[in-house]
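Residue numbers for the sequence shown follow the working numbering, beginning at 6 and rising by one. Every residue gets a Cβ at the ideal spot worked out from N, C-alpha and C, and that includes glycine. Predicted model only: the values in this text are computed from it and were never measured.
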Amino acid sequence: AFLGPAVALSLIRELGPVLAALMVTGRAGSALTAEIGIMRITEQIDALTVMALNPMRYLVAPSILAGLVTFPLMTALFDVVGIFGGYLVGVELLGLSPGTYFGEMQTFVDMKDIMTGFWKSVSFGVVVTWVCTYKGFNVGHGAEGVARATTQAVVLSSVLILVWDYFMGSILP
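Written out as structure tokens, the structure is:
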């Protein structure tokens, strides 16, 4: 009877934001670091500076805004798919009634839980895009430097997601 609330609460508050952030980090964070790193070693960022364009405003700000939008959207998608997967297991495999699954979920899941997951995903978006752009701006020389910076960005972002999730879980209701 408590399968619906258990699945929903674990996904909405914890698993959804963290796992979605880790997946986006691996895919988009690595691409962001590599793209900016290649721009750095091919001196495209220096060219922006010569043209009196601020590279931070031109490259970093849009990336952080994209993280603010995409991380919560990916988290919401992850939550919906996970809740539907729990529904399939509960209803089709375990014989639970659909009304019980969703009815109990509505009883136990509050707006506070949804907002907790939302704020976690927003903060993960800022952390990941900041780390990935920073590592991209500070690459070593050549393709090896880009590869090393990309690996460092993904690893550091993943660790920071887990650490930040711990702290967010401690301070958010």
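Residues of its chain near residue i, where Cβ-Cβ distance is below 7 Å and the 5 sequence neighbours each way are ignored
i      : result
Asp118 : Leu14, Ile17, Arg18
Ile88  : Val12, Ala13, Leu16
Phe107 : Gly9
Leu101 : Leu8, Gly95
Phe123 : Pro77
Thr54  : Pro60
Met110 : Gly9, Pro10, Ala13
Leu177 : Thr121, Trp124
Val144 : Gly42, Arg45, Ile46, Gly150, Val151, Ala154
Gly90  : none
Residue closest to residue i, alpha-carbon to alpha-carbon, out of the options
i      : options                        : result
Gly174 : Leu20, Leu8, Phe7              : Leu20
Gly31  : Gln157, Lys125, Asp170, Tyr171 : Gln157
Asp84  : Asn59, Pro60, Leu70, Met120    : Met120
Leu27  : Thr38, Leu165, Leu177          : Leu165
Leu64  : Met79, Ala52, Thr138           : Thr138
Gly130 : Leu73, Leu37, Leu177           : Leu73
Ala66  : Gly145, Thr155, Ile176, Leu37  : Leu37
Residue i and residue j closer than 8 Å at C-beta
i      : j      : result
Val136 : Phe76  : no
Glu48  : Gly141 : no
Thr134 : Ser68  : yes
Val132 : Gly42  : no
Met44  : Ile50  : yes
Leu33  : Thr80  : The identity of residue 33 in the sequence shown is Ala, whereas the question assumes Leu. Taking 8 Å as the Cβ cut-off, Ala33 and Thr80 do not qualify as a contacting pair.
Own chain, CB closer than 8 Å to residue i, minus 5 neighbours either side, in chain order
i      : result
Gly147 : Ile46
Leu99  : Leu8
Pro103 : Tyr92, Val96
Ser128 : Trp169, Met173
Bounding residues of the alpha helix (DSSP H) (the contiguous stretch that carries residue i)
i      : result
Ser15  : Unbroken run through Ser15: none, as it is neither H nor E.
Val85  : 66 to 92
Phe2   : Only positions 6 to 178 of the chain appear in this structure, which leaves residue 2 out of reach.
Thr30  : Per DSSP, Thr30 belongs to no alpha helix (DSSP H) and is neither H nor E.
Phe7   : Premise fails: Phe7 is in no alpha helix (DSSP H) and is neither H nor E.
Val164 : 147 to 176
Tyr139 : 116 to 142
Residues near residue i by beta carbon distance below 6 Å, same chain, minus five either side
i      : result
Asp170 : Val23
Ser126 : Pro22, Phe76, Pro77, Thr80
Inset, instruction - Decide yes or no for the touch test of the segment 106 to 121 against the segment 152 to 166: beta carbon pairs closer than 8 Å, at least 3 of them. - result: no
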